[in-house]
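Here is the structure we will look at.
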Amino acid sequence: MPEQPQPPDLPRVSAVVLAWRSEPLLRRCVEALLSSVKVDVEVVLVDNGCTNPDLPYLAGLPGVVVTGSGENIGFSAGCNAGVAASSGEYVALVNGDAIVEPTALARLVEVLGDQSVGLAAGAVRLADEPELLNSRGNEIHVLGVSWVGGFRERETRGEPTETAGAMGAFVVARRAHWERLGGFDDHYFAYVEDAEISLRTWRLGQRVVNVPDAVALHGYEFSKVSFKFYLIERNRLMFVTTVWGGRALTLLAPPLLALELVMILLAAKEGWLRDKLRGYGWLWRHRAHLRARRRALQAERVTPDREWMRVLTDRFDTPLINPPGVGLLNTLMAAYWRLVRRWV
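So for the sequence shown, our numbering puts the first residue at 20; every next one is plus one.
Structure representation (structure tokens):
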């Protein structure tokens, strides 16, 4: 009998999924990843304090690796631990409440065949309303605020488009690029770390793209809890002060200080002022880390600030973030940024 032709080697993708608390969609998330086509998938489940009774069952499935101590070490450190325990030439970060389509991973890997692309992000749609977007890539403001782009918009599938930020809920990178970045900074714990690696990708001369036909359905809910605002605001300041160049920080100092005042007023109004002030305390105690981090990130930059900063926006344009006087803030910020960006 003649030998049967062997299938070509498939690209190996390690999908890192954090298992935290009782995540009800975890089983569907893992089973969807294992059903991916045109890729060889390894699912790395990071036990980050998981109470879902399906975890032992999932751990026994072929293609699933479980790591982690059962302690919640945060999204940043958890993803780093998952990647460290993985073996694929591609690294995917997938939220435990995200259900990927069978072709989604293969499509993102295909896009990464273009060596100018550093991060390929999927189109994240709302699980309860799959015709609407959760994110078509994240917006990042020149003052460091980041939010989901295209929230609740309808989007047809099409060609990849450049985006400032990749949403950490569903993004793929070549392992070589992840290792060049050194993964996430554990100090972020959660929030803003995906914005940091996205802008670092741009600063290294590579692109971040959103791929509309690589779809994941996400059980998304924007919760307004004080600890979340503590992390977001603390991390925004860490993000800006380590990634932005010295000249950019000097030129943006007036609006950055104005935004701080606005956020303090908003925190007082909404009842999380103590958390905002707590963030300042954390930044002061970790100032040595911030100095070292800034030195490292400034040394790695390949693309000048004036070039990579073109991907940033000067407008707050999201229903999820409504600081007082946002209309006036947008008008003033747009005029100021047009004036100073030539000197960045």
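Idealized CB from N, CA, C, for every residue including glycine.
On a predicted model such as this, the values are computed, not experimentally measured, just so you know.
Collapsed DSSP secondary structure at residue i in the structure displayed
{"i": "D28", "result": "coil"}
{"i": "Y239", "result": "coil"}
{"i": "I92", "result": "coil"}
{"i": "P21", "result": "Reliability fails at P21, whose pLDDT of 44 lies under 50, so the model's placement of it is uncertain and the value that follows must be treated cautiously. In the structure shown, P21 sits in coil (DSSP, three-state: anything other than H, G, I, E or B)."}
{"i": "V363", "result": "coil"}
{"i": "A185", "result": "coil"}
{"i": "V321", "result": "coil"}
{"i": "D294", "result": "helix"}
{"i": "A146", "result": "coil"}
{"i": "S217", "result": "helix"}
{"i": "A272", "result": "helix"}
{"i": "W327", "result": "helix"}
{"i": "S106", "result": "coil"}
{"i": "D66", "result": "strand"}
{"i": "S165", "result": "strand"}
{"i": "W263", "result": "coil"}
{"i": "E61", "result": "strand"}
{"i": "N229", "result": "strand"}
{"i": "E158", "result": "strand"}
Among the options, nearest to residue i - alpha-carbon criterion
{"i": "R361", "options": "P323, F335, G344", "result": "P323"}
{"i": "G89", "options": "P81, G79, P75", "result": "P75"}
{"i": "F203", "options": "L29, F94, A318", "result": "F94"}
{"i": "A311", "options": "V262, K247, M328, L52", "result": "V262"}
{"i": "G101", "options": "V244, W197, Y355, A183", "result": "W197"}
{"i": "R306", "options": "L280, V113, F258", "result": "F258"}
{"i": "P231", "options": "V110, L37, V35, E150", "result": "E150"}
{"i": "A51", "options": "R193, A192, L80", "result": "L80"}
{"i": "W327", "options": "I159, Q134, G87", "result": "I159"}
{"i": "E172", "options": "S154, I251, G132, V345", "result": "S154"}
{"i": "M364", "options": "A142, R304, P273", "result": "The question about residue 364 has no answer here: the residues shown for the chain are numbered 20 through 363."}
{"i": "L223", "options": "N229, K247, G137, R304", "result": "G137"}
{"i": "A125", "options": "Q134, A139, S135", "result": "A139"}
{"i": "G107", "options": "R193, G87, S135", "result": "R193"}
{"i": "T122", "options": "V330, V56, K247", "result": "V56"}
Exposure label - residue i; buried when at least 16 CB within 10 Å
{"i": "S105", "result": "buried"}
{"i": "K295", "result": "buried"}
{"i": "T332", "result": "buried"}
{"i": "R357", "result": "exposed"}
{"i": "V35", "result": "buried"}
{"i": "L347", "result": "exposed"}
{"i": "S33", "result": "buried"}
{"i": "A354", "result": "exposed"}
Nearest-angstrom beta carbon gap, residue j and residue i [assumed within contact, 8 Å]
{"i": "R144", "j": "V84", "result": "So it is not a contact: roughly 28 Å between Cβ atoms."}
{"i": "L29", "j": "V58", "result": "6 Å"}
{"i": "F170", "j": "T337", "result": "6 Å"}
{"i": "L127", "j": "V191", "result": "4 Å"}
{"i": "L112", "j": "L278", "result": "Between L278 and L112 the Cβ distance is about 29 Å, and since that is not below 8 Å, they are no contact."}
{"i": "R255", "j": "V321", "result": "In fact, because the Cβ distance is near 24 Å, the residues do not count as touching under 8 Å."}
Spatial neighbours of residue i in its chain, beta-carbon cut-off 6 Å, leaving aside the 5 residues before and after
{"i": "R325", "result": "V363"}
{"i": "G97", "result": "L37, V65, N67"}
{"i": "A286", "result": "L292, K295"}
{"i": "A386", "result": "Since the first residue of the chain shown is 20 and the last is 363, residue 386 is not available in this structure."}
{"i": "Y207", "result": "S95, N254"}
Close beta carbons around residue i, own chain, < 8 Å, minus the five adjacent residues each side
{"i": "L44", "result": "G115, D116, A117, I118, A146, G238"}
{"i": "G82", "result": "L53, V60, E61, V62"}
{"i": "N157", "result": "S165, W166, V167, G168, T182, A183, G184, A185, M186, D213, A214, S217"}
{"i": "R219", "result": "L200, V262, L316, E319"}
{"i": "D73", "result": "L45, R46"}
Spatial neighbours of residue i in its chain, beta-carbon cut-off 7 Å, leaving aside the 5 residues before and after
{"i": "N349", "result": "R334, F335"}
{"i": "N99", "result": "G202, F203, D205"}
{"i": "W39", "result": "N67, G68, C69, N91, G115"}
{"i": "R297", "result": "Y249"}
{"i": "W301", "result": "R253"}
{"i": "P179", "result": "V130, V228, N229, V230"}
{"i": "S41", "result": "T70, N71"}
Cβ of residue i within 7 Å of any chain B Cβ
{"i": "S245", "result": "As a matter of chain content, chain B is missing from the structure shown, which is built from one protein chain."}
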